[in-house]
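J.: Under this note's numbering, the first residue of the sequence shown carries the number 22, and numbering increases by one thereafter.
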Amino acid sequence: MHEQAAGLPGGTGPDRPGAALSPAGLPGHAGAAGVRWCWARWPVPTRRRLQVALGMIWLLDAALQYQPYMFTAKFVHEVIGPAIAGNPAWIAASQTWAAGLMVQHIALCNALFATIQLLIAAAILWPGTSKAGLAASIIWAIAVWWFGEGLGGIFAGASPLAGVPGAVVLYALIAVLVWPRDSDQPAVPVAACGPAGRHLPRAAWLVLWGSFAYFLLLPANRGAGSLQGTFAGMASGEPGWLAGFDRDAASALAGDGAEVAIILAVCCALVAVSVFIPALTGPGIVLAVLLALFFWLAQDFGGIFTGTGTDPNSGLLLVLLALTFWPSARPVRDDLPAAPAVSPQLLPTGIGAAAQAHGGHTAPGLRDSGGTS
């Protein structure tokens, strides 16, 4: 009897017509030189879903900004004030001016801040106004990054575990990368199809994760007790379960700050260059997500359970940023020779007749099985 042709129902080929088999007979198997591993089909978010995720985070920020604590002068003195320390005079002066204005009209200013964030979230979530919402988010994020976060501590030598370069600047970067467009190119990351083109997003990724490696290796961030102090200092004001974790993590990391900081720095450096090496892009993004989740845990999720947190901090935004670099579709293998057309006489009745009716042509990828058994 005839062997079944690859790609036909019940055959031994892939589950889609026209897919060529690798030398090992399995799709995606690296059986020959130059054959790349294919990543499995992941439920990758679309551009619109990434926009919705960003809008939901803005909605969370608005809810946090409406907390009673934010309408008191403590918000200025305990949240805005510490961000001024360590900054150059030309940044600190503008922050001091903004803080002075806020403390005089804190209720009005905070109500305005929270409402702006709520409107940004609503505009991004509504498809018809997503462009306006993203544009407003970029402008607002830059303003908050300057006057509220003091450029995220990049001049103070802060650690990525503490949130450098500031969560709010990541809102602006992601907004640019997920900017609406008519259609995306198959197998191209969302980040590479936006108005910034293909090269600028990768350059931004390199600078961001490369800076993480740099900051982690600063003496203040790789001291013997640096990581221990980071976790121990976050326990105050947190719910019992999270405060307990902070204390346990601080105890486990006692005396190992330098080793852990070096390991984290090496991982960040690998993530930084992974988007320039196709074979490492997938693993690099997975590693980026894992690192971002670790950062977010070290940040106690931005203090959102304390009643004084203004946003989820940078960890969650880094996860969303990483997803913009994930390919939007499984790449098509182009390293195998085209399969010859199968003879209509070898096809089951019906398929062979249809092929003869169309001049003897068959679907691409259907091959002659080599005769009868």
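We treat Cβ as the ideally placed atom computed from N, Cα and C, and that holds for glycine.
With 16 other CB atoms within 10 Å as the buried threshold, where does residue 191 fall?
T.: Label assigned to residue 191: buried.
J.: For residue 127 versus residue 117, is the C-beta distance shorter than 8 angstroms?
T.: No, the pair does not count as a contact, with Cβ atoms beyond the cut-off.
J.: So, at 6 angstroms on beta carbons, what are the nonlocal neighbours of residue 174 in its own chain, with the 5 sequence-adjacent residues on each side left out?
T.: Same-chain partners within the cutoff: 185.
J.: Report the option in 161, 152, 180, 230 whose CA atom is closest to the CA atom of residue 73.
T.: Considering only alpha carbons, the answer is 152.
J.: Cutting at 7 angstroms between CB atoms, please list the residues of its own chain near residue 214, excluding the five before and the five after it.
T.: Only 202, 205, 206 meet the Cβ criterion.
J.: I'd like to know if the region 316 to 323 and the region 271 to 280 are in contact, where contact means that at least 3 CB-CB pairs between them fall below 8 angstroms.
T.: No: fewer than three Cβ pairs fall under 8 angstroms.
J.: For the alpha helix (DSSP H) that contains residue 69, what are its first and last residues?
T.: First-last of the alpha helix (DSSP H) with residue 69: 68 to 86.
J.: My guess is that residue 221 and residue 345 are in contact by the Cβ rule of under 8 angstroms, so how many angstroms apart are they, rounded?
T.: Contact flag wrong, Cβ pair sits at about 13 angstroms.
J.: Return the Cβ separation of residue 100 and residue 331 in integer angstroms, given the expectation that the two are a contact with Cβ distance under 8 angstroms.
T.: That pair is a contact at about 7 angstroms.
J.: Considering Cα atoms alone, identify which of 266, 306, 298, 326 is closest to residue 258.
T.: Nearest option by C-alpha distance: 326.
J.: Check for me: the alpha helix (DSSP H) holding residue 144 runs from which residue to which?
T.: First-last of the alpha helix (DSSP H) with residue 144: 127 to 146.
J.: Give me the Cβ distance between residue 290 and residue 234, rounded to the nearest whole Å; I'm assuming they're in contact under 8 angstroms.
T.: With 8 angstroms as the limit, residue 290 and residue 234 qualify as a contact, their Cβ atoms being about 4 angstroms apart.
J.: Taking the C-alpha atoms as reference points, what is the distance between residue 281 and residue 171?
T.: For residue 281 and residue 171, the distance between alpha carbons rounds to 28 angstroms.
J.: Suppose you measure from the CA of residue 240 to the CA of residue 313; what does that come to, to the nearest Å?
T.: Straight-line Cα distance between these residues: approximately 22 angstroms.
J.: How far does the alpha helix (DSSP H) with residue 232 in it extend, from its first residue to its last?
T.: Here the alpha helix (DSSP H) through residue 232 covers 220 to 237.
J.: Check this for me: beta carbons of residue 159 and residue 193, under 8 angstroms apart or not?
T.: Their beta carbons are under 8 angstroms apart, which means residue 159 touches residue 193 by this criterion.
J.: Alpha carbon to alpha carbon, how far is residue 299 from residue 217?
T.: Cα to Cα, residue 299 sits roughly 20 angstroms from residue 217.
J.: Quick check on this structure: which residue in 338, 87, 227, 237 has the alpha carbon closest to the alpha carbon of residue 305?
T.: Minimum Cα distance to residue 305 is reached at 227.
J.: Under 8 angstroms by Cβ, that's how I've got residue 347 and residue 210 pegged, so tell me the actual separation to the nearest angstrom.
T.: That pair is a contact at about 6 angstroms.
J.: How many Å lie between residue 336 and residue 182 at the Cα?
T.: Cα to Cα, residue 336 sits roughly 8 angstroms from residue 182.
J.: Give the secondary structure of residue 267 by DSSP, where H, G and I count as helix, E and B as strand, and everything else as coil.
T.: In this structure, residue 267 counts as helix in the three-state DSSP scheme.
J.: Compare the beta carbon distance of residue 145 and residue 79 with 8 angstroms and say whether it is the shorter of the two.
T.: In this structure, residue 79 lies closer than 8 angstroms to residue 145 by Cβ.
J.: Can you name the start and end residues of the alpha helix (DSSP H) that residue 347 belongs to?
T.: Here residue 347 belongs to no alpha helix (DSSP H), and DSSP marks it neither H nor E.
J.: Under a three-way DSSP split, which group does residue 60 fall into?
T.: Unreliable positioning characterises residue 60 in this predicted model, as indicated by a pLDDT of 49, which lies under 50. The coordinate reading is nonetheless provided below. In this structure, residue 60 counts as coil in the three-state DSSP scheme.
J.: Is it buried or exposed, residue 68, if we count other Cβ atoms within 10 angstroms and call 16 or more buried?
T.: Burial call: buried.
J.: Let me check understanding here. Comparing Cα to Cα, which of 230, 107, 134 lies closest to residue 179?
T.: Comparing Cα-Cα distances from residue 179 to each of 230, 107, 134, the minimum goes to 107.
J.: Under a three-way DSSP split, which group does residue 47 fall into?
T.: Residue placement at residue 47 cannot be trusted, given a pLDDT of 32 that sits under 50; what the coordinates show is reported in the next sentence. Coil.
J.: For the alpha helix (DSSP H) that residue 315 lies in, which residues bound it at each end?
T.: Start and end: 299 to 319.
J.: Quick one: give me the first and last residue of the alpha helix (DSSP H) that residue 200 is part of.
T.: Residue 200 -> no alpha helix (DSSP H), and no H or E assigned at all.
J.: Of the residues 262, 90, 122, 269, which one's Cα is nearest the Cα of residue 251?
T.: Nearest of 262, 90, 122, 269 to residue 251, Cα basis: 269.
J.: Roughly how many angstroms lie between the CA atoms of residue 263 and residue 343, to the nearest whole one?
T.: Near 26 angstroms, if we compare the C-alpha coordinates of residue 343 and residue 263.
J.: Once you ignore the five residues that flank residue 157 on each side, which residues in its own chain have a CB closer than 7 angstroms to its CB?
T.: So the qualifying residues of the chain are 141, 144.
J.: So residue 92 is in the alpha helix (DSSP H); what residue range does that whole segment cover?
T.: First-last for residue 92: undefined, no H or E at that position.
J.: Quick one: is residue 324 buried, meaning 16 or more other Cβ sit within 10 Å of its Cβ, or exposed?
T.: Buried: at least 16 other Cβ atoms inside 10 Å.
J.: Just to confirm, are residue 90 and residue 254 a CB contact at a threshold of 8 angstroms?
T.: Taking 8 angstroms as the Cβ cut-off, residue 90 and residue 254 do not qualify as a contacting pair.
J.: In the structure shown, what three-state DSSP assignment does residue 247 receive?
T.: Residue 247 falls in the helix class under three-state DSSP.
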